[in-house]
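Asks: With the numbering used here as the guide, the letters of the sequence shown map in order to residues 76 to 300.
C-beta atoms are modelled at their ideal positions from N, C-alpha and C, and glycine is treated no differently.
This one's a predicted model, so the numbers in the text were calculated from it and none came from an experiment.
Dropping the structure in here first, questions after.
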Amino acid sequence: MASAQAPLPMATVVPEGTILDVTAVGKVSRVPDLATVRAGVVTQDAVAATAMQQNVDRMAAVVAALKKAGIAPRDIATSRVALSPQYRYAENQPPAITGYQASNAVTVRFRDVAKAGPVLDALVRAGANQIDGPTLSLADAAGALDEARADAVARARARATLYAKAAGLTVARIVSIGEAGESDGEPPRPFAQMRMAAAPAAADSAVLPGESELSATLNVRFLLK
76 MASAQAPLPM
86 ATVVPEGTIL
96 DVTAVGKVSR
106 VPDLATVRAG
116 VVTQDAVAAT
126 AMQQNVDRMA
136 AVVAALKKAG
146 IAPRDIATSR
156 VALSPQYRYA
166 ENQPPAITGY
176 QASNAVTVRF
186 RDVAKAGPVL
196 DALVRAGANQ
206 IDGPTLSLAD
216 AAGALDEARA
226 DAVARARARA
236 TLYAKAAGLT
246 VARIVSIGEA
256 GESDGEPPRP
266 FAQMRMAAAP
276 AAADSAVLPG
286 ESELSATLNV
296 RFLLK
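Written as structure tokens, this is what we have:
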């Protein structure tokens, strides 16, 4: 179905027939099959080296939990390592260092979205105290967009056939196809519930992927005879 905002078809008479320009939008819906999460550890101590070592130890446990959950090494990437002083501010006094904060974060890709919630719980139990995400996407977004493009061509041809029939003509051929734009869809906002404190009877965190819509807009020129 063409977009409500799409320009009206334009017809131009030429010696070999009538040129008809149609703009159509093709769409396809998919359930996201990739989840990306950023998980990290923040530690503090009066001594910089101690804060950093505590962070390294806890982060090692987080990474071990990821691997135990079946996350492949290629899907775990360090995204941030930082160490910074913490200050106390007093009126008419220069800032005084009171300690140090170390932080470390990894970006994790879940190729099975259904496992994302339980793994997030495992990360928290292993020592992660920062969780950001998940961001949901498609592993084969390019393939889905190609389906949307094919749908746009089919919709454009259907409209051209409609106009040609109404005018007592037939669609001879497509003269040209131009891509006006594409969208990989506004990713659904995932719903995630997390229990930061483990309890024996606590339910696993839930990540509900929803559905994402991808679209492609094409300008198609037809020759009618």
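Do the stretch 97 to 105 and the stretch 224 to 244 make contact, defined as three or more Cβ pairs closer than 8 angstroms?
Replies: In short, these stretches touch, since the Cβ pair count reaches three.
Asks: Cα separation between A272 and R200?
Replies: Reliability of the predicted coordinates at A272 is poor, the pLDDT of 34 falling under 50, and the value obtained from them is presented with this limitation in mind. In a straight line, the C-alpha of A272 is about 8 angstroms away from that of R200.
Asks: Please go through the same chain and pick out, in chain order, the residues whose beta-carbon is closer than 6 angstroms to the beta-carbon of V97, but skip the five residues on each side of it.
Replies: P84, A231, R234, A235, V295, listed in sequence order.
Asks: Could you tell me whether any Cβ in chain D is nearer than 8 angstroms to the Cβ of R163?
Replies: Absent here is chain D; the protein component of the structure consists of one chain.
Asks: Tell me whether S178 is buried or exposed, calling it buried when 16 or more other Cβ atoms sit within 10 Å of its Cβ.
Replies: Result: buried.
Asks: May I have the straight-line CA-CA distance separating P209 from V122, to the nearest angstrom?
Replies: Spanning the two alpha carbons is a distance of roughly 33 angstroms.
Asks: Which class does P170 belong to by DSSP, given the choice of helix, strand or coil?
Replies: Correct three-state label for P170: coil.
Asks: Using 8 angstroms as the threshold, is the C-beta distance between V117 and Q205 below it?
Replies: Yes, Cβ-Cβ distance for V117 and Q205 is below 8 angstroms.
Asks: Sorted by chain position, which residues of the same chain lie with C-beta nearer than 7 angstroms to M134's C-beta, five sequence neighbours on each side aside?
Replies: Only V116, N179 meet the Cβ criterion.
Asks: Pop quiz: A191 and V106 are said to be a contact at Cβ under 8 angstroms. What is the actual Cβ separation, rounded to whole angstroms?
Replies: Not really, about 13 angstroms apart at Cβ, beyond 8 angstroms.
Asks: Looking only at its own chain, which residues have a Cβ that is under 7 angstroms from the Cβ of A255, when we skip the five neighbours before and after it?
Replies: Cβ neighbours of A255 beyond the five flanking positions: T98, T292, L293, N294.
Asks: With a threshold of 16 other CB atoms inside 10 Å of the CB of A197, please say whether the residue is buried or exposed.
Replies: Buried, since its Cβ has 16 or more Cβ neighbours within 10 Å.
Asks: Note down, one range per segment and in chain order, each beta strand (DSSP E) of at least 3 residues found wholly within the stretch 168 to 219.
Replies: Runs found: 171 to 185, 205 to 212.
Asks: Per DSSP, what kind of secondary structure is A229 in: helix, strand or coil?
Replies: Helix.
Asks: Checking 8 angstroms against the spacing of the C-beta atoms, do R186 and D150 come in under that value?
Replies: Yes; because the gap between Cβ atoms is below 8 angstroms, this pair is in contact.
Asks: Given A274, which residues of its chain have a CB within under 8 angstroms of its CB, disregarding the five upstream and five downstream residues?
Replies: No answer about A274 holds up, because its pLDDT of 35 lies below 50 and its placement is not dependable.
Asks: On the DSSP letters alone, give me the boundaries of the beta strand (DSSP E) that A135 sits inside.
Replies: Note, A135: premise wrong, no beta strand (DSSP E); alpha helix (DSSP H) at 123 to 143.
Asks: Would you call the CB atoms of L158 and A126 closer than 8 angstroms?
Replies: Yes; because the gap between Cβ atoms is below 8 angstroms, this pair is in contact.
Asks: Among G253, G174, S154, which has the Cα closest to the Cα of D120?
Replies: The shortest Cα separation from D120 among G253, G174, S154 belongs to G174.
Asks: The beta strand (DSSP E) with R248 in it runs from where to where?
Replies: Here the beta strand (DSSP E) through R248 covers 246 to 258.
Asks: Spatial neighbours of P170 within its chain, please: C-beta separation below 8 angstroms, excluding the five flanking residues on both sides.
Replies: Cβ within range, chain order: Y162, R163, Y164.
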